[in-house]
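Chains as they are written, first to last, in my numbering: chain A, 30 to 170; chain B, 30 to 170.
2 protein chains.
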Amino acid sequence: MVNTPPQVGYALKHAQSLLHLRMEEALRPLYLTVSQYSCLHHLRREPGISAAALARATFVTRQSMNAMLQQLIDRDLVARPSRAESGRALPAMLTAVGTDALDAAQNLVDGVEQRMLAGLSATESAALARGLAACVNSLEE
Amino acid sequence: MVNTPPQVGYALKHAQSLLHLRMEEALRPLYLTVSQYSCLHHLRREPGISAAALARATFVTRQSMNAMLQQLIDRDLVARPSRAESGRALPAMLTAVGTDALDAAQNLVDGVEQRMLAGLSATESAALARGLAACVNSLEE
DNA sequence: TTGACCATGTCAGCATCCTGACATACTCTG
DNA sequence: CAGAGTATGTCAGGATGCTGACATGGTCAA
């Protein structure tokens with residue numbers, strides 16, 4: 030048998046599960062869920078993105094994303110025109126309030142990520158990032 | 030700012046999300062979900078474990094685990110006494126059918142994990158496993 | 001131009017998992 | 001021995017996310 034490290038999948042799930050938990054705890058004071066944070070985060074990276082594209086980026090369905098966007102719009106964190114200028118896609122954008130909320134959330138999330146990587150050297154962290162990217166690459170298609 | 034690799038958390042979520050998807054696809058012919066597979070897997074590692082302990086090992090709540098165990102019992106993959114000899118914990122065990130199903134599932138899951146690690150050398154896979162373990166260590170209390 | 005094809009947004013229904021709460025059973029301290 | 005503390009199983013309710021389906025709008029080949 031090949032000398033494969035045992036349980037990489039389990040370690041992956043364990044790490045992701047704990048990271049999600051810690052992020053949820055960190056974001057609770059802002060009344061943001063991890064999914065909502067992810068949504069705002071990608072919205073800043075790609076202003077005017079469609080809900081469907083946002084859904085793909087955050088690993089949820091279009092339906093879930095549209096429901097979440099509606100919540101964020103109700104809280105004035107996100108704005109979206111009611112009509113598309115061309116095509117059907119409705120471009121979503123962060124509001125000023127949303128940008129502020131994201132800034133605060135980003136600080137908290139960065140803290141969690143630094144805590145997660147605290148036991149690793151810069152070299153090891155880079156190796157981890159490259160390893161994960163390779164896994165993603167092998168699994169998509 | 031510290032020279033932190035960007036987006037390790039996102040890469041972690043991306044990899045985990047894809048791994049879950051591929052496992053779900055692989056296990057579909059056996060009519061098993063990833064959660065059910067995880068349950069059976071840990072049940073083999075620790076026969077007679079309680080549902081609450083199983084829940085902790087698979088990152089779900091006691092309630093979800095008991096509901097899932099009931100499904101597996103209805104399918105004769107798992108057996109559990111109706112009364113505890115001592116204490117309240119009801120020890121769960123794999124049946125013969127459950128063991129066979131797990132064997133088949135394990136092969137499929139192993140294939141997915143090998144596919145995930147296909148782009149990495151043995152050294153890199155080991156580094157990935159160690160990195161993930163370090164993350165888990167830093168994130169749990 | 002027309003018709004197949006694809007992407008987006010949306011509606012309805014369903015499954016899953018969670019939080020909160022409670023009773024039971026053991027453990028351990030005082 | 002009495003009481004708090006902890007762990008387990010269970011019930012009820014609600015939130016979240018998914019699948020399936022449909023209409024709309026744009027694209028592209030025939």
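The beta-carbon is built from N, C-alpha and C at its ideal position, and this holds for glycine as well.
Just so it is clear, the structure is predicted and the values come from calculations on it, not from any experiment.
**Report entry** Y60 (chain A) to A133 (chain A) span [Cα, whole Å]
**Finding:** Stepping through the first sequence from its first residue, residue 60 (chain A) is reached at position 31. Stepping through the first sequence from its first residue, residue 133 (chain A) is reached at position 104. Each residue's Cα considered, the two are about 12 Å apart.
**Report entry** Three-state secondary structure (DSSP) of L123 (chain B)
**Finding:** Counted from its first residue, the second sequence places residue 123 (chain B) at position 94. Looking at L123 (chain B) - three-state DSSP - the assignment turns out to be strand.
Report task. Please state if the CB of R91 (chain A) and the CB of A81 (chain A) are separated by a distance shorter than 9 Å. Result -> Here residue 81 (chain A) refers to the residue found at position 52 of the first sequence. Here residue 91 (chain A) refers to the residue found at position 62 of the first sequence. Taking 9 Å as the Cβ cut-off, A81 (chain A) and R91 (chain A) qualify as a contacting pair.
Query raised in the report: According to the neighbour-count rule (16 or more other Cβ atoms, all chains shown, within 10 Å of its Cβ), is V126 (chain A) buried or exposed?
Result: Taking the first sequence and counting its residues from 1, the one referred to as residue 126 (chain A) is at position 97. It counts as exposed.
Query raised in the report: DSSP three-state call for A147 (chain A): helix, strand or coil?
Result: Working through the first sequence from its first residue, we reach residue 147 (chain A) at position 118. Three-state DSSP puts A147 (chain A) in coil, outside helix and strand.
Query raised in the report: Going by alpha carbons, who is nearest to S167 (chain A) out of B:V37, B:L48 and B:K42?
Result: Along the first sequence, read from residue 1 onward, the residue named residue 167 (chain A) stands at position 138. Looking at the Cα atoms, B:L48 is the closest of the given residues.
Report task. At 4 residues or longer, and completely inside the region 47–124 of chain A: list those alpha helix (DSSP H) runs for me, N to C. Result -> 63–74, 80–87 and 91–103
Query raised in the report: Whole-angstrom Cβ separation of A158 (chain A) and V165 (chain B), contact assumed at under 8 Å?
Result: Taking the first residue of the first sequence as 1, we reach residue 158 (chain A) at position 129. Taking the first residue of the second sequence as 1, we reach residue 165 (chain B) at position 136. Incorrect: roughly 16 Å between the Cβ atoms, too far for contact.
Query raised in the report: Going by Cα to Cα distance, which pick from A:V141, A:E153, A:G148 and A:I102 is closest to L50 (chain A)?
Result: Taking the first sequence and counting its residues from 1, the one referred to as residue 50 (chain A) is at position 21. Closest by alpha carbon: A:V141.
Query raised in the report: Mind checking if A158 (chain B) is an interface residue toward chain A, Cβ cutoff 9 Å exclusive?
Result: Translated into positions along the second sequence, residue 158 (chain B) becomes position 129. A158 (chain B) counts as touching chain A.
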